[in-house]
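Engineer:
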Amino acid sequence: MNNPWKVIVMLSLVLMMGITGCGGGMSRDHGTPEGKTPHDDADIPFHQESPQQLPVEVKKRWEEMQATGEPTGVAVHVDKRTYVIAALGVRPTGGYRLKIQRIHRHGQMVVVYAEEQVPPPGSLVTQVISYPATVVSIPLQKDVTFQFRIKTARPPAQT
Numbered sequence: 050m051n052n053p054w055k056v057i058v059m060l061s062l063v064l065m066m067g068i069t070g071c072g073g074g075m076s077r078d079h080g081t082p083e084g085k086t087p088h089d090d091a092d093i094p095f096h097q098e099s100p101q102q103l104p105v106e107v108k109k110r111w112e113e114m115q116a117t118g119e120p121t122g123v124a125v126h127v128d129k130r131t132y133v134i135a136a137l138g139v140r141p142t143g144g145y146r147l148k149i150q151r152i153h154r155h156g157q158m159v160v161v162y163a164e165e166q167v168p169p170p171g172s173l174v175t176q177v178i179s180y181p182a183t184v185v186s187i188p189l190q191k192d193v194t195f196q197f198r199i200k201t202a203r204p205p206a207q208t
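In case it helps, my numbering puts the sequence shown at residues 50 to 208.
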């Protein structure tokens, strides 16, 4: 190779292939790593449930969780649904809510993302200790581990 331009072009091509990779390790049909299905890493659609309409087993767990007053989460399997219950624990007044934002499956782990909603400053709330909790249902998810990530609000600054 007497021509320096050929050497420069060849080195540039090799460098570009090294930087961008050659597409190895990805399947062509779904863009997922080899051996995985699209369901291994996906959001799971959920349905907000009314506490009055829960199956008996789920309602019992709901009441037990609220009685402890501890922040927690649990999954209960009934028929072809999994009921996901998340609880904030004790709050000083009414007006607090817990909202499930997203449920995501990553392999054998299902992560439940929830966020506390607090009453606006100065709003009228019941002056009673509350135990905010919520329950949603998803398609049956057995043989997985559930992890709860609950984002709590900061208490307002005392003036």
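Beta carbons: idealized from backbone N, C-alpha and C, even for Gly. Predicted, not measured: the structure shown is a model, and the values here were computed from it.
1. Taking Cβ to Cβ, would you say Val15 is nearer than 8 Å to Arg110?
2. Leaving out the 5 sequence neighbours to the left and right, which residues in its chain are closer than 8 Å to Arg140 when beta-carbon positions are compared?
3. Could you check whether the region 124 to 131 touches the region 139 to 157, counting it as contact only if at least three pairs of C-beta atoms, one from each stretch, sit closer than 8 Å?
4. Rounded to the nearest angstrom, how far is the Cβ of Val123 from that of Met114, given a contact under 8 Å?
5. Rounded to whole angstroms, what is the Cα-Cα separation between Lys200 and His96?
6. Which first and last residues belong to the beta strand (DSSP E) in which Tyr148 is found?
7. Would you identify the three-state DSSP class for Pro104, choosing helix, strand or coil?
8. Go ahead and label Glu112 buried or exposed: buried means 16 or more other beta carbons lie within 10 angstroms of its beta carbon, across all protein chains shown.
9. With respect to the beta strand (DSSP E) encompassing Gln176, which residues constitute its N-terminal and C-terminal limits?
10. What distance in whole Å lies between the Cβ atoms of Ser172 and Gly144, which are believed to be in contact at a cut-off of 8 Å?
11. Using 10 angstroms around the beta-carbon of Glu119, count the other beta-carbons present and answer buried if the total reaches 16, otherwise exposed.
Structural biologist: The short version:
1. It is not possible to answer for residue 15, since the shown part of the chain is limited to 50 through 208.
2. Within the same chain, Arg140 has close Cβ partners Ile178, Ser179, Tyr180 and Pro181.
3. By the Cβ test, the region 124 to 131 is not in contact with the region 139 to 157, since fewer than three Cβ pairs between them sit closer than 8 Å.
4. With 8 Å as the limit, Val123 and Met114 qualify as a contact, their Cβ atoms being about 7 Å apart.
5. If I take the Cα positions, the gap works out to 20 Å.
6. Per the sequence shown, residue 148 should be read as Lys rather than Tyr. Arg146 to His155 is the extent of the beta strand (DSSP E) around Lys148.
7. Assigned with DSSP and collapsed to three states, Pro104 falls in coil, not helix or strand.
8. Exposed, by the Cβ-count rule.
9. Unbroken run through Gln176: none, as it is neither H nor E.
10. Contact check for Gly144 and Ser172: beta-carbon distance about 6 Å, within the 8 Å limit, so the pair qualifies.
11. Around the beta carbon of Glu119, fewer than 16 other beta carbons lie within 10 angstroms, which makes this residue exposed.
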